[in-house]
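K.L.:
Following this message is one structure expressed as structure tokens.
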Amino acid sequence: MLGTLLDRFRPDPLRARVEASIRRGTGLSRREWLVGPEPLTTRAMQQLVDEITEWCRDRMSASRRPYGIDQMALAIACAEPGGSPISSTTFGVFRPVEFYTADGIADRLAEYLHGLALADLNDRGGPIRFAAALFSWGDVARDTVFTDDGE
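Structure, rendered in structure tokens:
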């Protein structure tokens with residue numbers, strides 16, 4: 034009984050490895066797109082949607098999926114370079130197949146970007162930086178739980 038009680042105070046080695054892996058940036062992909070200073074148009078936003086969608090597809094295809102652990106998380110933000118965020122959103126945790134389904138993550142990404150008020154963005158008079166961060170839980174699992182080094 035005392036041993037069970039003391040176990041609560043011992044650090045969990047798996048949790049510590051997962052936290053260390055995340056701190057090292059395992060599973061995190063980031064990219065930025067600078068658009069402008071010319072006024073943004075619906076066509077320019079569609080090109081941005083296409084580029085971000087393609088980047089997400091590329092990064093997801095390169096992620097590890099040990100034993101089916103394939104959950105991802107995606108966040109998008111826009112801001113004036115060096116300024117405060119104008120808008121941001123997250124798409125929660127999802128499986129890659131959900132990216133491709135009708136009304137899935139890719140469609141929601143396009144809806145978010147096309148939903149930004151172009152007049153407000155263009156009133157800023159300068160370039161706008163769009164940033165995306167995609168996180169792969171499968172990469173973290175591969176790095177911590179399913180390592181090849183016998184740990």
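The opening residue of the sequence shown carries number 34 in the numbering used here; numbering runs sequentially from there. Note that CB positions come from ideal geometry on N, CA and C, so glycine has one too. What you are looking at is a predicted structure, and each value in this text was computed from that prediction instead of being measured.
(1) So what does DSSP say about E184, is it helix, strand or coil?
(2) Specify, as a first and last residue, the run of the beta strand (DSSP E) that L107 falls within.
(3) Anyone know if the C-beta pair for P99 and G148 falls short of 8 angstroms?
(4) Could you give the uninterrupted runs of the alpha helix (DSSP H) lying entirely in the stretch 74 to 105, keeping only those of 4 residues or more?
(5) Report yes if the CB atom of R97 is closer than 8 angstroms to the CB atom of R175, and no otherwise.
(6) Output the distance between the C-alpha atoms of A106 and Y145, rounded to the nearest integer angstrom.
(7) Are the beta-carbon atoms belonging to A108 and S121 less than 8 angstroms from one another?
(8) Can the beta-carbon of D191 be found closer than 8 angstroms to that of P129?
(9) According to DSSP, is E65 part of a helix, a strand, or is it coil?
(10) For A165, list the residues DSSP reports as bridge partners.
(11) Do A143 and R64 have their C-beta atoms within less than 8 angstroms of each other?
(12) Tell me the rounded alpha-carbon separation between D83 and R162.
(13) Is Q80 buried or exposed, if buried means 16 or more other CB atoms sit within 10 Å of its CB?
P.N.:
In short, the structure shows the following:
(1) Caution is warranted here: a pLDDT of 46 is assigned to E184, below 50, making its placement in the model unreliable, and no coordinate value can be reported.
(2) M105 to A112
(3) no
(4) 75 to 95
(5) yes
(6) 16 angstroms
(7) Yes. Within cutoff.
(8) Outside the displayed range of the chain (34 to 184) lies residue 191, so it cannot be described from this structure.
(9) Reduced to three states, the DSSP call for E65 is strand.
(10) For A165, which the question treats as bridged, DSSP gives the partners R64 and I109.
(11) no
(12) Going from the Cα of D83 to the Cα of R162 covers about 16 angstroms.
(13) exposed
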